[in-house]
Ligand SMILES: Nc1ncnc2c1ncn2[C@@H]1O[C@H](COP(=O)(O)OP(=O)(O)O)[C@@H](O)[C@H]1O
Ligand SMILES: [Mg+2]
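This is the structure we're talking about:
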């Protein structure tokens, strides 16, 4: 049975029928333990979709079922990690991580808090204030704050989007590693093509106006994966298909018959092994 099911989910803001739906007729099933990445251009409704699954907002059509129950509000079983770590500046790391437990009036299990801090690689920093932590460490802290709730579904909204390239790469490798150790179901939003392919068991691509899923396929690259995986031909083929789905490059239109040549060119025609990031 799926852990998460979306049945014909749609979302519309306001009453103006001229305005396109933000989300239209989205149906999908996410199995327990699956790592689903969601790729799509800015404004296509990724965050809106995640907010519906988190239960922060109600859809205007269709329904979302989590573990057999209709989603009708937020739950500690479905936690969100955003692009901004959003730590409380007046609390140290230990208390930031424990905050959600306190909020839910659970008795704080300090051993669990310490263990979770250790899992995200921040052991030794328990008494640090957020401003004393680097951007990557703050994102790990945000992850710890989510993991300490023992969620069944981790919802991540461009969690590494604000990090510099090197830190971002480290965090990608870290989440891959973490995923091997914990049996988590992850719904991970990104606008970075390579990140979506590198991390996911399965990739969805969304398109805008109205927001809908136009691509949904398993990514059959062997694990463990690392930055080196992005250099393999298999990875590049998937990347090319993703870019085509996004309408960003067309081999035929560019007059290439040779995939390798097409892949080595940037959209402006200059040559580089990797695409310029948006
Ligand atoms: N509360 C809201 N009221 C009206 N429109 C909204 C609201 N939230 C999001 N939208 C619109 O929904 C669309 C999708 O937004 P969003 O889900 O944030 O996209 P993404 O995360 O893919 O960039 C945008 O056109 C945005 O303007
Ligand atoms: Mg967004």
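Residue numbers (the working numbering): 6 to 283.
Cβ atoms here follow ideal geometry from the backbone N, Cα and C, with glycine treated the same way.
Since the structure is predicted, the reported quantities are computational estimates derived from the model, not experimental observations.
Pick from the options that is closest to residue i, judged by C-alpha positions
{"i": "residue 199", "options": "44, 75, 101", "result": "44"}
{"i": "residue 118", "options": "94, 136, 148", "result": "148"}
{"i": "residue 224", "options": "189, 29, 106, 239", "result": "239"}
{"i": "residue 169", "options": "139, 187, 191, 159", "result": "139"}
{"i": "residue 219", "options": "18, 120, 234, 33", "result": "33"}
{"i": "residue 150", "options": "109, 121, 112", "result": "121"}
{"i": "residue 127", "options": "173, 234, 98", "result": "98"}
{"i": "residue 73", "options": "11, 163, 231", "result": "11"}
{"i": "residue 251", "options": "234, 130, 217", "result": "217"}
{"i": "residue 173", "options": "232, 50, 100", "result": "232"}
Residue i - containing alpha helix (DSSP H), residue span
{"i": "residue 240", "result": "238-250"}
{"i": "residue 65", "result": "Taken as a continuous stretch (DSSP letters only), residue 65 belongs to no alpha helix (DSSP H), as it is neither H nor E."}
{"i": "residue 83", "result": "From DSSP, residue 83 is part of no alpha helix (DSSP H) but of the beta strand (DSSP E) over 83-86."}
{"i": "residue 53", "result": "51-59"}
{"i": "residue 219", "result": "Careful: residue 219 lies outside any alpha helix (DSSP H), inside the beta strand (DSSP E) at 217-223."}
{"i": "residue 176", "result": "170-186"}
{"i": "residue 34", "result": "Per DSSP, residue 34 belongs to no alpha helix (DSSP H); it is in the beta strand (DSSP E), 28-36."}
Span separating the alpha-carbon of residue i from that of residue j
{"i": "residue 244", "j": "residue 222", "result": "12 Å"}
{"i": "residue 196", "j": "residue 46", "result": "6 Å"}
{"i": "residue 115", "j": "residue 103", "result": "8 Å"}
{"i": "residue 178", "j": "residue 21", "result": "44 Å"}
{"i": "residue 70", "j": "residue 76", "result": "6 Å"}
{"i": "residue 24", "j": "residue 60", "result": "24 Å"}
{"i": "residue 31", "j": "residue 132", "result": "44 Å"}
{"i": "residue 176", "j": "residue 14", "result": "32 Å"}
{"i": "residue 241", "j": "residue 248", "result": "10 Å"}
{"i": "residue 87", "j": "residue 237", "result": "30 Å"}
{"i": "residue 94", "j": "residue 137", "result": "10 Å"}
{"i": "residue 81", "j": "residue 156", "result": "6 Å"}
{"i": "residue 213", "j": "residue 194", "result": "15 Å"}
{"i": "residue 143", "j": "residue 166", "result": "13 Å"}
{"i": "residue 184", "j": "residue 158", "result": "12 Å"}
{"i": "residue 154", "j": "residue 108", "result": "11 Å"}
{"i": "residue 215", "j": "residue 134", "result": "42 Å"}
{"i": "residue 41", "j": "residue 186", "result": "17 Å"}
{"i": "residue 129", "j": "residue 141", "result": "16 Å"}
{"i": "residue 66", "j": "residue 160", "result": "21 Å"}
{"i": "residue 96", "j": "residue 246", "result": "45 Å"}
Host beta strand (DSSP E) of residue i (start-end)
{"i": "residue 190", "result": "190-195"}
{"i": "residue 42", "result": "40-44"}
{"i": "residue 211", "result": "207-212"}
{"i": "residue 123", "result": "Here residue 123 belongs to no beta strand (DSSP E); instead the alpha helix (DSSP H) covers 115-124."}
Residue i CB to nearest heavy atom of ligand 4 below 6 Å
{"i": "residue 17", "result": "What this structure holds is ligand 1 and ligand 2, not ligand 4."}
_Under 6 Å, CB to nearest heavy atom of ligand 1: contacting residues_ = 18, 27, 45, 47, 48, 49, 50, 51, 52, 53
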